[in-house]
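Note that the protein sequences, when read in sequence, are chains V and A. 1 is the number of the first residue of the first sequence in the numbering used here; add one for each residue after it. 1001 is the number of the first residue of the second sequence in the numbering used here; add one for each residue after it. For each residue, glycine too, the CB sits at the ideal point set by N, CA and C.
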Amino acid sequence: MLISNKFIVVPSKEYESFWTIDKIEHIRKLALTGKPQMIFNENVESLRILDRITFKQHGQEISLEPNAKTDVTVNGIHMSTPLYLGDMSFGALSGNPNIAIVRAAEITETLAGTGEGGLHPEIAKYKRFFTQWASARFGVDIKTLTAGMGIVIKIGQGAKPGIGGHLPGSKVVDIISELRRIPKGIDALSPAPHHDIYSIEDLGQRIEALKEATGKPVFVKVAATNYIPYIVSGIARMKADGVIIDGHGAGTGATPFVVRDNLGMPIELAVASADYILRKEGLREKFTIIAAGRVSSANDAAKLIALGADVVSVGTAALIAMGCIQCDKCHIGYCPTSLTNKIDGSRILDLEFGTKSLVNFIRGFTLELANILDNLGLDSIDKLRGRRDLLFGNNLDEETLRILGIDGTTYEQEYKLGELWDRERLSYLHELVNKGDAVIVSMGSNAPPDVKKPARITDWLRIDGAQVTRPSIDPYREDIDTSFYLNKGKIYLSMPVIIDVTNLDTEYKLAWSWASLATSTLIFDIGAISNYEDVSFSKDGKGILTWATLPYQDKYILIPSDSYRIDDLLNAKTSGFIIDEDIGNDDLEVVLSDLDTKLKEAGVRNNYDIIVKTRNIRDSADVFKLLLLGADSVIIPGDIIFKVVNPRVSKKEEIKEKTFNFLVGIKKELALLAGAAGAYSIQSTIVGNRELLRAVNLPSKIRNVLRVKPAGSL
Amino acid sequence: MIEGEYYPSGCGIFGILRKRNASKIKGKDVVRAIERVRFRGSDRGAGFAVFNFKSQNYYLLKIFYRGSEDEVRELLEKEGINVIDVIKEAEINDICSCSVIALADLNLIKMKMRTLNFRLWKDKIGRIYSAGSSLQVYKGVGYPLDIARIYNIDEIEGDMWLAHTRQPTNSPGYYPYWSHPFSSFNVAVVHNGDISSFGANMEFLKSKGIESFVGTDSEVIAFLFEELVNEGFSLEETIEILINPSRRIRPLDPFVEHMLRNARLDGPFSVIIGYDSGDDLYLIGIADRNKFRPMIMGEDENYYYIASEENEIRELSPNARVWTLKPGEYFLASLNKGVIRYGRPLEEIDMFSPPPIFRPKEYDIDAHNIDYRELNYYILKEIEKGKRLVRVANVLGHRYIGINLPSKNIRGVRIELYGVAGNCLANLNDGNEFYVYGNVGDDCCDTMHEGKVVILGDARDVLAQTFQSGKIFVKGNAGNRVGIQMRQYKDRKPYLIIGGRVDNYLGEYMAGGIIVVFGRGSKSEPVGYFIGTGMIGGKILIRGKVSPNKIGLQPPKIEILNLLRALVIDNIISPEEYEQLKDKEYIELVKSLEGRGREYLRKLIEDKLGIPTYEYRELNEEEFKELEPVIKEFSADVGEDFNEFLKEKFTVVFPPKFLKI
């Protein structure tokens, strides 16, 4: 058996990643020495909002024996430092890491969260942890609930807002099966919502029930999504003792790629906005905010506390302290550092190594935090909480500064900075066309606009995930309707996706035609494809739908995505519009939203379809965001698959299967995204529903045209 | 376009309509009913809507305004409305609540309600919150009882009432604007739930020229309702559109759907609408397609009731007959015409249990006028005195009964409850027995580990979630999402036996144990849709034949046909095979296909857990042996013989690859 008892080399990434080598090295130094390394590590060039926030004035001295006190008492629990080791389940982690986390919490007088999945017998010997009441109730009984110092009702998590828990069957071995009381080898799926919590008063009912049953403090864990201030306010009103807000970018053992990268907002916006509303409502006292998601250093922690958090939570950082190299393979079960591997006796984390590293990390983190306080001239962490006046925002959008409630400089951010495609996106596409299913990944997001550079406006937009006030809907089991009617209800599409085959060779045109028929959607071309006329959207009038470049009553008019043309089109006699970004000068998002808005103002929107066409589309989330901005369907280029399929070496049958997989995969992911937002019918509920979008630090000028609210706003 | 704010909230709701020959409904009774579910709301908002049907040539307006009565008069007269009288009814946090009697053209009133509200709301100085010929809304900041005192609701009488208690996530400024009911002209709405279509619905309404919103779901629903009726849709059509039924199960006309994109509701909602059509008064109750929010209907000699919880109805009418809506259905009744639609076939309504017994001859505790915490405390006291049987009379909506027992390590006690038990009965139950001589609310037996719960009446939604071991017996019906995530481990196995019928999502995500549905007295299939969706273990037995299209989550027919056509083109199946396959239900079709055809079909439709399969047959020997003693015990407990049913044929639903745990 392989015993993991030292750090191994961190492989370099082929794409930009939040957890840089520098961040990992810093954590490792803390874990090795237990001594402070670095404070106020400023990085204002970063796209991450929290990085652009700095303390206005501070010293730079690092002392091994700082003076400031970091201890806090929350809900009667005294902690040596405001640090919570967050909610990683036994099953997601392989046992010894779970034990190490709880032992470290015990030794350092902090707190751990056990996650869902019951109590590991070794963990039951300790006390400094919160157990979890999640939607599947895995391993929950009165003993588990009363074993720790509190209970967490898990509604959602930052890595997959609105999506249920997912432990792959390969990791459900004997002991996991026993604790969770589920069959071995079968995926352990926790439902997306709690089926007893579909509303805010339902949550209140469950909080009260758990308090009555156990007498313990009850916390609620939610992902930071569109309505986070209201949700936190509701949680406090329902008499929970605190909230764990999990921001975008938080880690996980398994999550759908498009969900991870496109839902939820950064923790800094969520904390600022939640703290603000709680104060306004007179609910802040005696209520604890634990901030989670991308907390990578004491510096991050100090800033989040100044924005209003009481305690910060680390998950990924704790794993890194125990040796994690961020290879993002947790969902496969072959963790090279024995942290998230399948429990099969082949490898194991050395418990002493894990515990010692984590204890050192916590001590070093605590000393760095105390040093930060010293350098801010504060003698205790209590004096930092909510001190937004100490913070300064460098080059942020005005609205973002307002939401954060801090001073700062504003800046008209360039909004197209990066490349459309990188290795991470290509591997997503590769898996999509090979499996025909939603692509599953692990660990936290590196998505724009926080980490990677945004390449188009959709990169600044985040989709809502339903949390508490309404249930998210499980796409695996529920009747989520991705189908669309076009042309006054005469055309039925199984999904709002049409494939552009104009530039393809006949062989590939045929492959896509076949796949479009098999999946009940359409292809877009100049001439209708013979035998596939009833799935052809063509110019020659032989297909089921016809387009033209001039307006005709019964045809769709194709127009370049140029803003100046919109006003002339409002009275056009046409079935609908095809806005083509490939031949226009303006951003598709802007032209689309503008046309949608103006047709609505004229009261004629539903007489037309608005279809958008662009080569620059990458995944189902791009499609979904365009729907939210008003598109009735999206035309995707058929050659997208050749980014990951070599046409010269692939057989005809294979190409056909891959086109089919692509469409099926996109359809399933659209259902996932709709379900996460709590919507059954995509056509009626999603199209034009800007309430379900938020913009993260997008320059106000564009945001206003799109009519999308800023993330964290009320 | 102007972007609106949005204020999600939860709540308790109530509606009542008198029958044609019955006397008017007193305000104080409505207050009693809604106060029954005080705990569903908060002190942040409540309200009432009353309709008194009569033909008259003037209109009643209600307005919140930051100013005096005279200013209100001036404001309206400037708009060409002939004001006969203005009465200041209340002052709520510096805002005057005024009642106005006005003479004007109907269309003018409707138009002014929009334009004036737009102007008033832009500066947040006021809002017309009620308008109509027979409708008056009374609302403010407080519990229902507080609002009732402010407006002297007790003394008001009406033909129809709605009532609401609100649980906001936040309450901007503590002003009354966000309190419910919401009203459009002659329409009043209360609802429970947070609709995900809110933003889409706003887009639709804005495109119709409605630009001013205070930002709640009820308001949007009221506007949609008025708009659709104005566009010429009948009441029934309007309601169907709002419900937004599944395209697969109950499609609307595609043209109508297309033209009314963004006009349909989505997400969880229970809605009660009161409507004066000019020649009649209508009470409407609507459930979303999966009935995510609680709502219960009632009827007695004099009245029709709609409520969040049964105890609201029982407070006024202990012997009313009650029933629930089918998912995606609605109740519609009018003052003149009586019931137009029950929201469920009559034969199914007949299957609901008779009124509960509230008071046995002997009992240990009278739950009348004590709260749940006191009740749990008294039960515990009785047990600590050494009692092994505790009898409780007059249970009415008490929640969490028995929740304090597991941590006290109390086992082997029998608790008998007479009346209507509230939500969360016997949660985490670990070895005690609960007998309910009446109905129980939602979330009964969540995460029960051992023991027994016997319900002599009906159970509502989410019964037996993650039920792990022991027995749950229901003599009557159960609701939606029953037995979901049940599981078993080694010798610990749960049995859930239902004498009557159930609705959607029976045994969803089931991982172990046995569910039996007898459907006693049922003329139709005693189950709803989506049986055993996501099931990975255990077994569901339903007496009689169940349509295969109700099992698991199944695709739209048209998508299957298109795939089959593609398979023909690719020579994966022959045209003859296509003809044979095209009319089959998915669950049969997938069995008939082989090889690549089956692979494509499954990839298109299923996730990796697949959909459950089924057999229609008699019980096998092993099953019979296992179930016979359980059903004997069930029969004895519910006082009726179900043993003979075991010899009949059952639809047996189990996971695609049967897993032994």
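Q) Gln-132 (chain V) versus chain A: which residues are under 7 Å apart at the beta carbon? A) Here the premise fails: no neighbours, minimum Cβ distance about 13 Å.
(Q) Can you check whether the C-beta of Asp-500 (chain V) is within less than 8 Å of a C-beta belonging to chain A? (A) no
Q) Hey, does Trp-1178 (chain A) have any beta-carbon neighbour from chain V nearer than 8 Å? A) no
**Q.** Boundaries (first-last residue) of the alpha helix (DSSP H) holding Gly-665 (chain V)
**A.** 652-676
**Q.** Gln-1167 (chain A): first and last residue of the uninterrupted alpha helix (DSSP H) it sits in
**A.** It is not in any alpha helix (DSSP H) - Gln-1167 (chain A) instead sits in the beta strand (DSSP E) that spans 1160-1168.
Q | Inter-residue Cα distance where the pair is Lys-1112 (chain A) and Asn-1186 (chain A) | A | 14 Å
**Q.** Candidates V:Ser-593, V:Tyr-508 and V:Ser-513: closest to Ser-650 (chain V) by CA position
**A.** V:Tyr-508
Q: Can you give me the start and stop residues for the beta strand (DSSP E) that Leu-367 (chain V) sits inside?
A: Counting along the chain, Leu-367 (chain V) falls outside any beta strand (DSSP E), though it belongs to the alpha helix (DSSP H) covering 351-376.
(Q) Quick check: is the beta carbon of Gln-683 (chain V) nearer than 8 Å to any beta carbon in chain A? (A) yes
Q. Cα-Cα, which of A:Ile-1092, A:Thr-1169 and A:Ile-1109 is closest to Pro-1146 (chain A)?
A. Looking at the sequence provided, one finds Asp at residue 1146 (chain A) rather than Pro. For Asp-1146 (chain A), the nearest C-alpha among the options comes from A:Ile-1092.
Q | Range of the contiguous beta strand (DSSP E) that encloses Pro-637 (chain V) | A | 633-637
Q. Closest Cβ-Cβ distance between His-1258 (chain A) and chain V: below 8 Å?
A. yes
Q. For Thr-410 (chain V), which of helix, strand or coil comes out of DSSP?
A. strand
Q.
Just to confirm my understanding: we take Ile-24 (chain V), look at its own chain, exclude 5 residues before and 5 after, and list those with CB closer than 6 Å. What are they?
A. Val-10 and Ile-320
Q: Taking all protein chains shown into account, decide if Lys-1452 (chain A) is buried (16 or more other Cβ within 10 angstroms of its Cβ) or exposed.
A: buried
Q. Do you know how far the Cα of Ser-135 (chain V) is from the Cα of Ala-438 (chain V)?
A. 22 Å
Q. What does Asp-479 (chain V) touch in chain A if you count any residue whose Cβ is under 7 Å from its own?
A. Ser-1246, Arg-1248 and Leu-1553
Q: Give the C-beta separation of Tyr-1509 (chain A) and Gln-1488 (chain A) to the nearest angstrom, bearing in mind that I take them to be a contact with Cβ-Cβ under 8 Å.
A: Actually they do not touch by this definition, with Cβ atoms about 14 Å apart.
Q. Once you ignore the five residues that flank Leu-210 (chain V) on each side, which residues in its own chain have a CB closer than 8 Å to its CB?
A. Trp-133, Leu-145, Ile-151, Ile-153, Lys-216 and Val-218
Q. Just how far apart, CA to CA, sit Ile-1383 (chain A) and Tyr-84 (chain V)?
A. 40 Å
Q) Quick one: does Gly-603 (chain V) have its CB under 8 Å from some CB of chain D? A) Although the question refers to chain D, the structure presented lacks it and instead comprises the protein chains V and A.
**Q.** Alpha-carbon spacing of Phe-353 (chain V) relative to Met-38 (chain V), whole angstroms
**A.** 23 Å
Q. In whole angstroms, what separates the C-alpha of Ile-1661 (chain A) from that of Ile-1540 (chain A)?
A. With a pLDDT of 34 at Ile-1661 (chain A), under the threshold of 50, the modelled position of this residue cannot be trusted; read the value that follows with caution. If you take the alpha carbons of Ile-1661 (chain A) and Ile-1540 (chain A), they lie about 16 Å apart.
Q. What separation, rounded to the nearest whole angstrom, lies between the Cα atoms of Ile-523 (chain V) and Ile-578 (chain V)?
A. 14 Å
Q | Same chain only: Cβ atoms within 6 Å of Ile-1515 (chain A), ignoring 5 sequence neighbours per side | A | Gly-1483, Leu-1496, Gly-1507 and Ile-1540
Q.
Please state the DSSP three-state secondary structure of Ser-445 (chain V).
A. coil
Q: Flag this pair as touching only if the stretch 393-400 of chain V and the stretch 605-616 of chain V have three or more C-beta atom pairs under 8 Å; answer yes or no.
A: no
Q: Within 10 angstroms of the Cβ of Phe-1658 (chain A), are there 16 or more other Cβ atoms? Answer buried if so, exposed if not.
A: Legend: pLDDT at Phe-1658 (chain A) = 42, less than 50; position of this residue unreliable, no value from coordinates given.
Q. What are the residues of the stretch 1193-1220 of chain A that lie near chain V, defined by any Cβ-Cβ distance shorter than 9 Å?
A. Gly-1193, Asp-1194, Ile-1195, Ser-1196, Ser-1197, Phe-1198, Gly-1199, Ala-1200, Asn-1201, Met-1202, Glu-1203, Phe-1204, Lys-1206, Ser-1207, Lys-1208 and Gly-1209
Q: Report yes if the CB atom of Ser-561 (chain V) is closer than 8 Å to the CB atom of Asp-586 (chain V), and no otherwise.
A: yes
Q) Using the beta-carbon count (16 or more within 10 Å), is Tyr-1058 (chain A) buried or exposed? A) exposed
**Q.** Extent of the continuous alpha helix (DSSP H) run through Met-1351 (chain A)
**A.** Taken as a continuous stretch (DSSP letters only), Met-1351 (chain A) belongs to no alpha helix (DSSP H), as it is neither H nor E.
Q.
Does any residue of chain V have a CB that is nearer than 8 Å to the CB of Glu-1224 (chain A)?
A. The sequence shown places Leu at residue 1224 (chain A), rather than the Glu named in the question. It does not; no Cβ of chain V falls within 8 Å.
(Q) Which same chain residues end up closer than 6 Å to Glu-1227 (chain A) when comparing Cβ atoms and leaving out the 5 residues on each side of it in sequence? (A) Lys-1208
Q. Which of the three DSSP states, helix, strand or coil, is assigned to Asn-394 (chain V)?
A. strand
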